[in-house]
Structure formats: C-alpha cells, structure tokens
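Student: Let me give you the structure first, and then I'll get to my questions.
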Amino acid sequence: MPEIIVTATDLAGASTDAVLVTTFEDGLSPAVLQADAALGGAISEMKEASEFTGRFAQRPVLRTLGRLGAKRLMVLGLGKPAQLDSYRLLNAFWLAGGALRLAGVRSVTVVADPAIAVALDGGHGPARGDEIVRAVVTGLLLGNWDGGVTKTVDEDGTRDKLIERVELTGFAGDDVDAVVAEAQVLASATNQVRTWVTTPSNRLTPTELAAQAERLFQGSGLEVEVLRKADLERLGMGALLGVAQGSEEPPVMICVRWDGGRPGQPRLGLVGKGITFDTGGISIKPAGGMEMMKTDMGGGGAVLGAMWAIATLQIPANVVGIVPATENMPGGRAYKPGDVLTSRSGKTIEVLNTDAEGRIILADGLAQAREMGATHLVDVATLTGAVIVALGHATTGLMTNDARLGALVGQAAARAGDRVSELPMFPEYDVCLESQVADVANIGASRAAGSISAAVFLREFVGDLPWVHLDIAGTSWNDQGELKMVPSGPSGTPVRTFVHLARTFASLPDADEVGMGSAGQERVVERWRADVDGEPAGPGEK
Ligand code: BES
Ligand code: MN
Ligand code: ZN
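Here the numbering used here is used: the first residue of the sequence shown is -8, the next is one more, and so on.
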C-alpha cells in the first residue's frame, strides 16, 4: 500500500516521478494549459493534431525534459463532462494508475481539477469534494494492483513494481486526510477480493478461503465462525452438502458477525456464493474457458472483503456476512440430475441441472443469515451466464422483492462506483421453477430469462424479509476486451457498495421505533432520501 499525502505543491513544483493532470473533451483544463505552456505547447499541438482529444481514459505520458519538477506528465482524459459519474471517475484513475505502474512510476502527484466537481453536479448543487477524493485515491490504488498473484520473483527479488507514493494537491473537502484513509480501506478490501478471485482453485480451496478470512479478520473485532462438514450435517444444510458431494474438498460455511450498531437496529445480512471451482458437476461444462470458473467465489470474496472494511472503518451498523463455500465437481459421489435435496429451511429442491449450483448453496446461506438475525438480505453471486448476455461486463443485475431496499442498494452502488440495473420480477415469472416431485426445481423448463428464474429460486428462501439479489457473473471479471473503458480482469465488485450500504444501515432507526412493516421501512427510506438529496451529508455519512 503506497503512502498517500496531501501536499501544497503545485504542478511545476512537484518532485515526484510523475505528475497527473486531467482534462475534459471540451477544452484543456487550466492545469493542462499550465503544463502545456511549460512544455512549449506540446499538448495543444497534440490536441490540434487530434492525437489527444480528452476522450475518456485517454492517457498519454509526456517527458518533461526538465521543464517541470517531475520527469513525466500524464494527461488523463475524462471525456464529456455530462457523462461523468463516480463509476467513470474511478475507472479513469484506475486505468491511469495501472498505466503509471507499468510505466515504472514509483511516485506521482495528482493535481486537482475543479471542473470535476462542476461536472458531477451538473453545474449546480454542492461540490462533492469527498466523493472526488475517494474515487481518485481508490482508483489509483486499484490500478496499483498486480494481477500476477502466482508469479515467482525476478532476479532482483520483486515482481512488477508498484507505485509507492501518491501526493494530492489542491483537493477540496472538509477532511481530505480522513477520506484518504477511508479510500485506502476501500481499495485494500477491493484488491483483496481481486486477489482471491484471481487465485486458482488448487490454491484457494473452501478450507483455505476460510483460513485466509480468519487471518484477515484477526484484531478487527469481527466474530467469525467456520461451520465444517460435521456442523453442516448437524444443522441440516442439505443444499450445500448436496453440491459438495462430488468433491474431495470439504465444504464450509463462513459466518461473520459485526455488531457495530445498537442492539435494536436492523441487521444487514450479506450472503455470497463461494464456489471455489465450478466444473458444472455431472451436468459438466465444456472445456473451453472452464479455467474462468476459478472466479466463481467472487460473491463470497466480496462479502468477506466488505466485512473486513466495515469493521476496519468501525461503521456503527449491525451486519452478518455468510459465505457457503464448496467446489462443484463430478466425483463418484456427486449429486446427479433428478436428485432431491432438503435445504436448511426444510424446503426440498429437485436438481435438474447440477451446473445451477450457486443458487442451491445460497439457499442454505440465506437460511443461515436469517438464523443469525438478519432483518434485510442482500445476496451476491456469479450466478448466470444469462446476465452477461443481458448486461455485459459493466453492469450488475439487481433483482429484488422490495423496491425500497433495491433503491438503497442502488444508491450505495452509485456512491461506490459500481453500476447496477434492475431486472424485473413480475409475477409472470413465478411459475418457472415448478417441480413435480419437490417444492422447487433448480432450473426452469426454458433458458429464457435465465437470470430472473435464478432469482425466483432464491426468493423461495428469503421468507418475508426484504431481499436484493446481485448477479455479478458479468461484472466480477471483465475478460472480453470489448469494454476498453472498463479495467480488464477482476473488479472486486460489489465490495465497496456493501460498505456504503452498511453506512446507510448505520443511520436507520431501531426496528421497534418504526416497526419492521413496510410502512415503517418507507418512513426510514424517506428520511434517508432527505439526508442524501437535501443537506450535504456529514463526513461520517459519505
Ligand atoms: N458460475 C456459473 C455462472 C457463470 C457463467 C459465472 C459465466 C461467470 C461466468 C453458474 O454456476 C452456472 O453454471 N450457471 C448456469 C445456469 C444454468 C445451468 C441454468 C449458466 O448460466 O449457464
Ligand atoms: Mn454452475
Ligand atoms: Zn457457478
């Protein structure tokens, strides 16, 4: 983790390896014009020749030839001001950070651009200084992550080198240092998830994931309990155990508790799919691209990373995090199509396709979250290929039984620099999983609306609690290369959304004050909306 300091240097005085300035497409920013003058018009010449336009994430690096204190200058394009949001701002700095790291830059000064605040506000409203600092710092730190997690060291004892020092100059905000500290936690959590998602399944078994989580949580104040195979049998977790049957690796359910709020306050239950490798089981997947199924624990990783960040930031909310984890393998004892499993909730599941395993293990994860007192549920999973067809790699699919909780998750995502969009759960979809022999089948008769039918399955296991399902099969890893404006590889999504959502929960009144009925929740959400849209939130609120 590089050192990050707030300095009073300026563009010319910066003595770091590089200096980073931004500009929009509509004209060069004052900082870029200043650099341009110092460099004898080099940038405006590039602009006139259309070599540099300020297009989003364009990021040429120029040698400064002694005309500026830093040897190199990166000019980062931010595109059209009207299109800027926290997702694009974060991604621009993420891509910039990655390019600087690969260019061998060890220290960088970032010069603030007041036009960013104007762009985010659409020209009016309060300047969102904290939001900008958070996106800039988090983005740079995500760019400073090296994906070669299993490469051995070079002769000089290092892998690819990292940025070691970031200086910020000119940024506005009540307490820039505090926002920097928060961004460091958000970025560390995100990078931890990315490392887990990248680590192959022979190095990250369910047992190893649990061990690493326990190590990470030491000293954080989080309570962890890892349910092992015998515990799962005792508790009747027949859904998770059923999926695990085909593997020699024992399953676990990682249960994490953070009691940061008052006892009577609502409790957010985060449940993440932890399939450390998905072969498809007996309904086996084709060989091509199967290696990507090492990433099938991305949801579980995001829950664990979020729990660490929530505790590290001491967020005064009550949260439980649950990660059912197993491999999905076609071993001799594997579960088979036609098998019926009895889940923790008592509901029976007819398995019609062993490759629809994520929803099955989540059934027991959701039951465990309810067992641990969750009043609201959010699950996250690399669940369906269909969501990639629908939304690609930039947008997570959101499905819910509760528009209010859906809106809270959407707002948290907007703050976090994650993109979510809702897929409907109209009653016409309700019948798609009817089974002749069990309470529910794990796939529908047709492939149509594949992401929604998965959500219909999950909804069977949430009882009457408000619940949101996030399908991150597309957003957890951007591997297609067609989205060049989105950083490639693992994203760590939606770990930061969960941290912001926990902050929202920290500001909810006690359950008995408002009643857990829908009217009470509506009041809670109205109050929260007023906080967000009206007065700028206090520093602890952003
Ligand atoms: N883990 C996969 C979904 C997935 C696909 C994640 C691509 C990441 C990238 C999931 O377990 C799966 O196999 N889903 C099936 C469900 C089908 C059998 C109903 C799918 O989407 O094909
Ligand atoms: Mn599968
Ligand atoms: Zn899967």
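Cβ atoms here follow ideal geometry from the backbone N, Cα and C, with glycine treated the same way.
#1: So, for threonine 391: in the same chain, excluding its five sequence neighbours on each side, which residues have a beta-carbon less than 6 Å away from its beta-carbon?
#2: Is the CB-CB distance between glutamate 542 and asparagine 319 below 8 Å?
#3: Residues with a Cβ closer than 5 Å to any heavy atom of the ligand BES, in chain order?
#4: Can you have a look at aspartate 455 and say buried or exposed, based on whether 16 or more other CB atoms are within 10 angstroms of its CB?
#5: Can you tell me where the beta strand (DSSP E) holding leucine 75 begins and where it ends?
#6: CB-CB under 8 Å to glutamine 209, same chain, minus the five flanking residues each way: which ones, in chain order?
#7: Using C-beta distances below 8 Å, list every residue in its chain close to isoleucine -4, excluding the 5 sequence neighbours before and after it, in chain order.
#8: Does the ligand MN have even one heavy atom less than 7 Å from the beta-carbon of glycine 271?
#9: Buried or exposed, going by whether 16 or more other CB atoms sit within 10 Å of the CB of phenylalanine 496?
#10: How should glutamate 185 be labelled, buried or exposed, when 16 other C-beta atoms within 10 angstroms of its C-beta is the threshold for buried?
#11: In this structure, what does DSSP give as the bridge partners for arginine 248?
#12: Identify every run of the alpha helix (DSSP H) within the stretch 262 to 310, keeping only runs that are complete inside it and at least 4 residues long; order them along the chain.
#13: Grouping DSSP H, G and I as helix and E and B as strand, with all else coil, what is arginine 406?
#14: Can you confirm whether the stretch 377 to 387 touches the stretch 292 to 310 when touching is taken to mean that 3 or more C-beta pairs between the two stretches lie within less than 8 Å?
#15: Between alanine 404 and the rest of its own chain, which residues show a CB-CB distance below 6 Å, the 5 nearest in sequence each way excluded?
#16: Is isoleucine 352 near the ligand ZN, in the sense that its beta carbon is under 7 Å from a heavy atom of that ligand?
#17: Given the structure, does asparagine 193 come close to the ligand MN, in the sense that its CB is under 7 Å from one of the ligand's heavy atoms?
#18: Leaving aside the five residues before and after glycine 363 along the sequence, list all residues of the same chain whose C-beta is less than 6 Å from its C-beta, in chain order.
#19: Compute every distance between the C-beta of isoleucine 266 and the non-hydrogen atoms of the ligand ZN, then say whether any falls below 7 Å.
#20: Can you give me the start and stop residues for the beta strand (DSSP E) that methionine 65 sits inside?
#21: Since leucine 159 is in the alpha helix (DSSP H), which residue starts that stretch and which ends it?
#22: Only counting runs of 3 or more residues, tell me where the beta strand (DSSP E) segments fall wholly within the stretch 340 to 406, in order along the chain.
Tutor: To lay it out plainly:
#1: Its chain contains Gly397, Val459 as the residues whose beta carbon lies nearer than 6 Å to that of threonine 391, once the 5 sequence neighbours on both sides are disregarded; these appear in chain order.
#2: In the structure as shown, the chain begins at -8 and stops at 533. Residue 542 is therefore absent and cannot be evaluated.
#3: Spelled out in chain order, the answer is Asp269, Asp287, Asn344, Asp346, Ala347, Gly349, Thr373, Thr375, Gly376, Ile434, Ala464.
#4: Exposed: under 16 other Cβ atoms inside 10 Å.
#5: Neither: leucine 75 is in no beta strand (DSSP E) and is coded neither H nor E.
#6: Spatial neighbours of glutamine 209 in its own chain (CB-CB distance under 8 Å, excluding positions within 5 residues in sequence) are not present.
#7: Excluding its 5 nearest sequence neighbours in each direction, isoleucine -4 has C-beta neighbours in its own chain below 8 Å: Arg156, Val157, Glu158, Leu159, listed in chain order.
#8: If you check the C-beta of glycine 271 against the ligand MN, you find a heavy atom less than 7 Å away.
#9: Classification of phenylalanine 496: buried, given that the 10 Å Cβ count is 16 or more.
#10: Looking at the sequence provided, one finds arginine at residue 185 rather than glutamate. Arginine 185 comes out buried.
#11: Looking at the DSSP output, arginine 248 bridges to Glu214, Val311.
#12: Counting only unbroken stretches of 4 or more residues, the alpha helix (DSSP H) elements lying wholly within the stretch 262 to 310 are 289 to 303, in sequence order.
#13: Here DSSP, grouped into helix, strand and coil, assigns arginine 406 to helix.
#14: The stretch 292 to 310 is not in contact with the stretch 377 to 387.
#15: So the qualifying residues of the chain are Val411, Thr488.
#16: Because no heavy atom of the ligand ZN lies under 7 Å away, the Cβ of isoleucine 352 does not count as near it: no.
#17: Placement of the Cβ of asparagine 193 at a distance of 7 Å or more from every heavy atom of the ligand MN is found.
#18: One point to set straight first is that residue 363 is methionine, not glycine, in the sequence displayed. Around methionine 363: Val311.
#19: Yes, since a heavy atom of the ligand ZN falls inside the 7 Å radius drawn around the Cβ of isoleucine 266.
#20: That run of the beta strand (DSSP E) goes 63 to 68.
#21: Per DSSP, leucine 159 lies in no alpha helix (DSSP H) segment; the continuous beta strand (DSSP E) that holds it begins and ends at 156 to 160.
#22: Taken in chain order, the unbroken stretches of beta strand (DSSP E) that lie wholly in the stretch 340 to 406 and span 3 residues or more are 367 to 372, 387 to 391.
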